[in-house]
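Down below is the structure, laid out as structure tokens.
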Amino acid sequence: VLMYPVLLDDQSLANQFQKFIETIDESYEVSLSTNQQYPGVYALLFFKSGKARAIGLRLSRSMGKLRKAVDLEPLQPLLQKYINFLDAEVLPSTPESSRPRVQLQRADVWLGFKSLLGFLEAPAFEDGILEKYPIFLNIVLNHVSDDGFDLSCA
-2 VLMYPVLLDD
8 QSLANQFQKF
18 IETIDESYEV
28 SLSTNQQYPG
38 VYALLFFKSG
48 KARAIGLRLS
58 RSMGKLRKAV
68 DLEPLQPLLQ
78 KYINFLDAEV
88 LPSTPESSRP
98 RVQLQRADVW
108 LGFKSLLGFL
118 EAPAFEDGIL
128 EKYPIFLNIV
138 LNHVSDDGFD
148 LSCA
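With the first letter of the sequence shown counted as 1, position 80 gets the number 77 in my numbering; the numbers rise by one all the way through.
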């Protein structure tokens, strides 16, 4: 799951994985082997559970900064989903599927982006987010000017 963060879009899998990682972390502090990159760790930053986000933050720190846009490639489907979600004026309807999808909350997505941006070097941010999603800067500026609850909590 940590190698394929898009799997965490599935509600059931995300819930089970969250319970699993939180339970394991209570008994043994979850850590990662050195010199490995697990893109799903960054997906934890967007979870509703503060405990899961804290685990994601700790594990992200151990992996270091994302330096290039290519480092963000495994996260692109989720980033696109999160950016489209923030860009929508109304909450998007979930397409019919055999498996329920994770229901996003704006505050959780803002918190996730705030944390993720702290792990990006300038080239990764510029080429991996701003170049691919030019609307992202507008979304941030619009929400800053709105000073809504979702952004202020992030």
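Each residue gets a CB set at the ideal place from its N, CA and C atoms; glycine is no exception.
Per DSSP, the continuous alpha helix (DSSP H) segment holding Glu23 begins and ends at Gln8 to Ser24. When DSSP states are grouped into helix, strand and coil, Leu117 belongs to the strand group.
Looking at the DSSP output, Arg98 bridges to Asp7. Assignment of alpha helix (DSSP H) within the region 53 to 92, counting only whole runs of 4 or more residues, yields 73 to 84 in chain order. Ranked by Cα distance from Leu114, the first of Val137, Gln100, Arg103 and Gln102 is Val137. A contact between stretches requires three or more CB pairs, one per stretch, nearer than 8 Å, and the region 26 to 46 meets this requirement with the region 99 to 109. Rounded to the nearest angstrom, the gap between the Cα atoms of Leu10 and Leu4 is 7 Å. In the three-state reduction of the DSSP assignment, Pro2 falls in the helix class. A contact between stretches requires three or more CB pairs, one per stretch, nearer than 8 Å, and the region 57 to 67 meets this requirement with the region 116 to 136.
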